[in-house]
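J.:
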Amino acid sequence: PRVQEEQRPNAQQATKKEEAAELKRRHEEELRQEETKEEQQRYNAQQATKKKEAAELKRKHEEEVKQEQQRSDASAQQAARQKEARHEEEMKEHLEQLRAQAQQRADAQQAAAELKRKQEEAAKRQKEQEKWEEERERKWWQCFRKLSREMPKVEQEKNENENEQKQQSGSGAALAKKEKKKTIPKP
Numbered sequence: 001p002r003v004q005e006e007q008r009p010n011a012q013q014a015t016k017k018e019e020a021a022e023l024k025r026r027h028e029e030e031l032r033q034e035e036t037k038e039e040q041q042r043y044n045a046q047q048a049t050k051k052k053e054a055a056e057l058k059r060k061h062e063e064e065v066k067q068e069q070q071r072s073d074a075s076a077q078q079a080a081r082q083k084e085a086r087h088e089e090e091m092k093e094h095l096e097q098l099r100a101q102a103q104q105r106a107d108a109q110q111a112a113a114e115l116k117r118k119q120e121e122a123a124k125r126q127k128e129q130e131k132w133e134e135e136r137e138r139k140w141w142q143c144f145r146k147l148s149r150e151m152p153k154v155e156q157e158k159n160e161n162e163n164e165q166k167q168q169s170g171s172g173a174a175l176a177k178k179e180k181k182k183t184i185p186k187p
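Start counting the sequence shown at 1; every next residue gets the next number (UniProt numbering).
Written out as structure tokens, the structure reads:
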């Protein structure tokens, strides 16, 4: 019973640690999601502001044009035309800025995709290199084992040849014996 009592706080401690770790993990995940959400909200707010500015510029432009058109004298009409041209230029510049920003984002995405592709290719090449090296090492060991099996036979044949040469004398009987030995196939 005492051992169980001692183990119980340890188990509770472990459970508390697990719960704390899970809470920490959830908290970090929530923070990540919150950061992503905040980034999206900032981007959306920026886009909304830009659209609002463009709409406001357009509205002001239209209002000013309308007011200028209501004036009848030629100088007022001339001024209105100049203002209209100026506002059109501003609108064009604003739209150009928006296009440039969109292009920058597209370029960044393309660069990221290209980097990812290059990394994948490098990983593939590394894998192929490792596979080739493994195959080379396997073949080397295969050859080594084959040679290891054949070496004793080669040594034995070498020793037999040396012994044969030592026993051999100048007599014809020894030569005949050697010839006979050559013709008999080995079992």
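By construction, the Cβ of each residue, glycine as well, lies at the ideal position given by its N, Cα and C atoms.
(1) According to DSSP, is Q168 helix, strand or coil?
(2) Counting only runs that start and end within the UniProt region "Disordered" (1-137), where is the alpha helix (DSSP H) found for 4 or more residues in a row?
(3) Tell me the rounded alpha-carbon separation between K92 and R86.
(4) Nearest-angstrom Cα distance between Q13 and E30?
(5) Out of A54, Q33, A112, E133, which has the shortest C-alpha to C-alpha gap to E96?
(6) With a threshold of 6 Å on Cβ separation, who are the neighbours of R149 within its own chain once the five nearest residues in sequence on each side are excluded?
(7) Let me know the secondary structure DSSP gives P187 once reduced to three states.
(8) So the candidates are E22, Q47, V65, Q109; which of them puts its Cα closest to the Cα of L98?
(9) Looking only at its chain, what residues have a beta carbon closer than 7 Å to the beta carbon of V65, apart from the 5 residues adjacent to it on each side?
T.: Let me lay it out:
(1) Position 168 of the sequence shown holds residue 168. Three-state result, Q168: coil.
(2) 2-70
(3) Here the question's residue 92 lines up with position 92 in the sequence shown. Here the question's residue 86 lines up with position 86 in the sequence shown. Between K92 and R86, the C-alpha separation is close to 10 Å.
(4) Here the question's residue 13 lines up with position 13 in the sequence shown. Here the question's residue 30 lines up with position 30 in the sequence shown. Using only the alpha carbons, I get a separation of about 25 Å.
(5) Numbered from 1 along the sequence shown, position 96 holds the residue referred to as residue 96. Looking at the Cα atoms, A54 is the closest of the given residues.
(6) For the purposes of this step, residue 149 is identified with residue 149 of the sequence shown, where counting begins at 1. There are no such residues.
(7) Within the sequence shown, the letter at position 187 stands for residue 187. Low confidence applies to P187: its pLDDT is 47, below 50, so where it sits in the model is not reliable, and the reading given next is rough at best. Note: P187 maps to coil in three-state DSSP.
(8) Position 98 of the sequence shown, counted from the first residue, corresponds to residue 98. When only C-alpha atoms are compared, the closest one is Q47.
(9) Here residue 65 refers to the residue found at position 65 when the sequence shown is read from its first residue. A80, E84, listed in sequence order.
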